[in-house]
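J.: Supplied in structure tokens, the structure appears directly below.
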Amino acid sequence: MLLNLTILPGDGIGPEVTDQAVLVLEALAEIFGHQLQLHRKNIGGAALTASNDPLPADTLQACLSSSAVLLGAVGGPAFDHFPNHLRPEAGLLRLRRELGAYANLRPAVCFPALEDCSPLRADVVHGTDILIVRELLGGLYFGQPRSIEGPAGSRNALNTMRYGEPEIARIAHIAFDLARKRRHKVRSVDKANVLECSRLWREVVTRTSQNYPDVKLSHMYVDSAAMSLVQRPRDFDVVLTENMFGDILSDQAGGIVGSLGLLASASIGGSVGLYEPVHGSAPDIAGKGIANPLGAILSVAMLLRYSFQLEREAACIENAVGTVLNRGHRTADLASSGQTALATPEMGHSVIAALADSGVGQAVPEKEKSA
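Numbering (this note's numbering), first residue to last: 8 to 378.
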């Protein structure tokens, strides 16, 4: 199969982790006989520096012409004083909108080898396997009007949370469809005791659930959900929620499983999927070679699964990551006191070695390999 991808390294540690993710993808493509067509483009701060635009036209066109997009990270303190429309994050928000990527999928899985890395007791976090389905193009992040107005000392700020029934229904369908492939449970998170948007959200999700009698739906207020995630993370299967709540809860879930550096994400719904690690650009460690590339590598697994339906290849990457962790390999964010931490390239090479050691290449008959 031809895999036509746009690679957006971005800012901070983005180039370092995407480099390793691409190396893993190249190794996997060789094993399974896939062909890669890769286009590298700028986004975010790197694009601002080069062209004064966080999402240049050639970057957008390359993304729209690809089958999928792999992103590193955007942002950095050097751009904090820029107006909103020229900040690196504006490029990413616009890209999501242009791609029509309304559904953000964020798995939070506790690998058995990393149970001791969680701030929770091992018996609490053991078996945690959560998929957060976050609506990505509505809510406070995109609602209009928005403004800061008035004279200094008495200014007022305004943001608008807005959701329509079709927006809620389409993300709900995504969550229920995914639950059917997992443990058949959806927990919808809202704030329906306070917010009109959440009341509509709960109504539409409940109505949509009638099309999925085999999936158990439950509702929970976001504050209760945040507490329950810490107390009983195994109770959660698919978590369905709106934009801002999902942004917060997915980071909390990352802390539960040990490190944001482990978390991958997929933004889907349009014709082109966008895949990126959940962590930010981490400018404080950029260039030091110590960033954890596993979130980016696991994002490649999601890319293969959701944009190309290559389930076997995706599982091979996930199993290789599990093997590496079982062997005790750790980057600095995961290493315990006195434990040797691998550099970013070393962790990438460890995953590639685990792929080779798995024998999967010998298990793929030539007639099954893609031309």
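Here a beta-carbon is modelled for each residue, glycine too, at the ideal position from N, C-alpha and C. These figures come from a predicted structure and were not determined experimentally.
Using 8 angstroms as the Cβ pair cut-off and three pairs as the minimum, do the region 33-41 and the region 266-281 touch?
T.: Judged by Cβ distances under 8 angstroms, the region 33-41 makes no contact with the region 266-281, as fewer than three pairs qualify.
J.: Residues in the same chain with beta-carbon distance under 6 angstroms from residue 57, minus the five sequence neighbours each way, listed in chain order, please.
T.: The answer, listed in chain order, is 49.
J.: Three-state secondary structure (DSSP) at residue 111?
T.: The answer is strand: DSSP assigns residue 111 an E or B state.
J.: Residue 360 by DSSP, collapsed to three states: which one?
T.: Reduced to three states, the DSSP call for residue 360 is helix.
J.: If you compare alpha carbons, which of 72, 90 and 114 is closest to residue 274?
T.: With distances taken between Cα atoms, residue 274 lies closest to 114.
J.: Tell me the DSSP secondary structure of residue 62 in three-state form.
T.: Three-state DSSP puts residue 62 in coil, outside helix and strand.
J.: If I'm right that residue 340 touches residue 299 with Cβ under 8 angstroms, what's the distance once you round it to whole angstroms?
T.: That pair is a contact at about 5 angstroms.
J.: I need the boundaries of the beta strand (DSSP E) containing residue 76, first residue and last residue.
T.: Looking at the DSSP string, the run of the beta strand (DSSP E) that includes residue 76 is 75-80.
J.: Which full runs of the alpha helix (DSSP H) of 4+ residues lie inside the region 133-189, going along the chain?
T.: For the region 133-189, whole alpha helix (DSSP H) runs of length 4 or above, ordered along the chain, are 172-186.
J.: Could you check which residue in 349, 13 and 74 has the C-alpha nearest to that of residue 45?
T.: With distances taken between Cα atoms, residue 45 lies closest to 13.
J.: Considering Cα atoms alone, identify which of 221, 173, 201 and 200 is closest to residue 192.
T.: Of the candidates 221, 173, 201 and 200, the one whose C-alpha sits nearest the C-alpha of residue 192 is 221.
J.: For the candidate residues 53, 133 and 181, whose alpha-carbon lies nearest to that of residue 142?
T.: When only C-alpha atoms are compared, the closest one is 181.
J.: Kindly indicate which three-state DSSP category residue 374 falls into: helix, strand or coil?
T.: Residue placement at residue 374 cannot be trusted, given a pLDDT of 48 that sits under 50; the coordinates are not used to answer.
J.: May I have a chain-ordered list of the alpha helix (DSSP H) segments no shorter than 4 residues that lie completely inside the region 223-300?
T.: If we require 4 residues or more, the alpha helix (DSSP H) runs fully inside the region 223-300 come out as 229-238 and 250-264.
J.: Could you give the residue range of the alpha helix (DSSP H) that holds residue 98?
T.: First-last of the alpha helix (DSSP H) with residue 98: 95-106.
J.: If we count the other Cβ atoms within 10 Å of its Cβ and call it buried at 16 or more, is residue 344 buried or exposed?
T.: Under this definition residue 344 is an exposed residue.
J.: For residue 84 versus residue 53, is the C-beta spacing smaller than 9 angstroms?
T.: No.
J.: Thinking C-alpha only, which one of 359, 280 and 302 is nearest residue 11?
T.: With distances taken between Cα atoms, residue 11 lies closest to 280.
J.: Counting Cβ pairs, one atom from each stretch, are 3 or more of them under 8 angstroms apart for the region 111-131 and the region 64-72?
T.: Flag = no, the region 111-131 and the region 64-72 do not touch.
J.: Just the C-alpha distance for residue 295 and residue 349, rounded to the nearest angstrom, thanks.
T.: Taking the straight line from one Cα to the other gives about 12 angstroms.
J.: Between the region 90-110 and the region 234-242, can you find at least three pairs of beta-carbon atoms closer than 8 angstroms?
T.: Judged by Cβ distances under 8 angstroms, the region 234-242 makes no contact with the region 90-110, as fewer than three pairs qualify.
J.: Against chain D, does residue 52 count as a neighbour if the rule is that its beta carbon must be under 9 angstroms from one of theirs?
T.: Among the chains in the structure shown there is no chain D, since it carries only a single protein chain.
J.: What does the Cβ neighbour count give for residue 139, buried or exposed, with the cut at 16 atoms within 10 Å?
T.: So residue 139 ends up on the buried side.
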